[in-house]
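Taking it in order: structure first as structure tokens, then the write-up.
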Amino acid sequence: MSGYTRVLSSESLNDTTVYNESGDKLGEIEDIMIDLPTGTVAYAVLSFHHGFLNMSEKLFALPWEALTIDESNEQIILNVSKEKLEKAEGFDKDNWPDFADPTFQRNLYSYYGYSVSDRMAA
Numbered sequence: 233m234s235g236y237t238r239v240l241s242s243e244s245l246n247d248t249t250v251y252n253e254s255g256d257k258l259g260e261i262e263d264i265m266i267d268l269p270t271g272t273v274a275y276a277v278l279s280f281h282h283g284f285l286n287m288s289e290k291l292f293a294l295p296w297e298a299l300t301i302d303e304s305n306e307q308i309i310l311n312v313s314k315e316k317l318e319k320a321e322g323f324d325k326d327n328w329p330d331f332a333d334p335t336f337q338r339n340l341y342s343y344y345g346y347s348v349s350d351r352m353a354a
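The opening residue of the sequence shown carries number 233 in my numbering; numbering runs sequentially from there.
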């Protein structure tokens, strides 16, 4: 069926486990951010537990284009190492960044090997 597109609720992706291509668990989807002018998904917010007994939680914005949904295994794949993710600029649950800030967008997309124009083309 040509042109068929899957449609999911954003809530159905919340708490979905994210792995990298090496099979390392990176965290879970905490939230999905929508670009209101285009009506498209802009970012996924990843919850990453680290520190002693994984008690400390850090959140990361991920460009939607950097993620692959593996429906058969009910997981999401992000092609970055755990070390690269740990070095990424994250934020805590009480201090979210301004996702609409052009500098934030450029820096985020660049860190993961994309450009903001990739989102505009989607």
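Even for Gly, the Cβ is constructed at its ideal location relative to N, Cα and C.
These numbers were taken from a predicted model, which means no experiment stands behind them.
Beta-bridge pairing by DSSP links Q307 to D302. Looking only at E260, W296, F323, the smallest Cα-Cα distance to D267 is reached by W296. The shortest CA-to-CA distance from A276 to any of L258, L299, E289 is the one to L299. For K316, the enclosing alpha helix (DSSP H) has its first and last residue at 314 to 319. Here S242 carries a helix assignment [DSSP, helix/strand/coil]. In the three-state DSSP reduction, T335 falls in the helix class (H, G or I). Here Y346 carries a coil assignment [DSSP, helix/strand/coil]. Taking 8 Å as the upper bound for CB-CB distance, E260 and T249 are in contact here, some 6 Å apart. Separation of D302 and I264 (C-alpha to C-alpha, rounded to the nearest whole angstrom) is 17 Å.
For E262, the enclosing beta strand (DSSP E) covers residues 257 to 267.
Around the beta carbon of F323, fewer than 16 other beta carbons lie within 10 angstroms, which makes this residue exposed.
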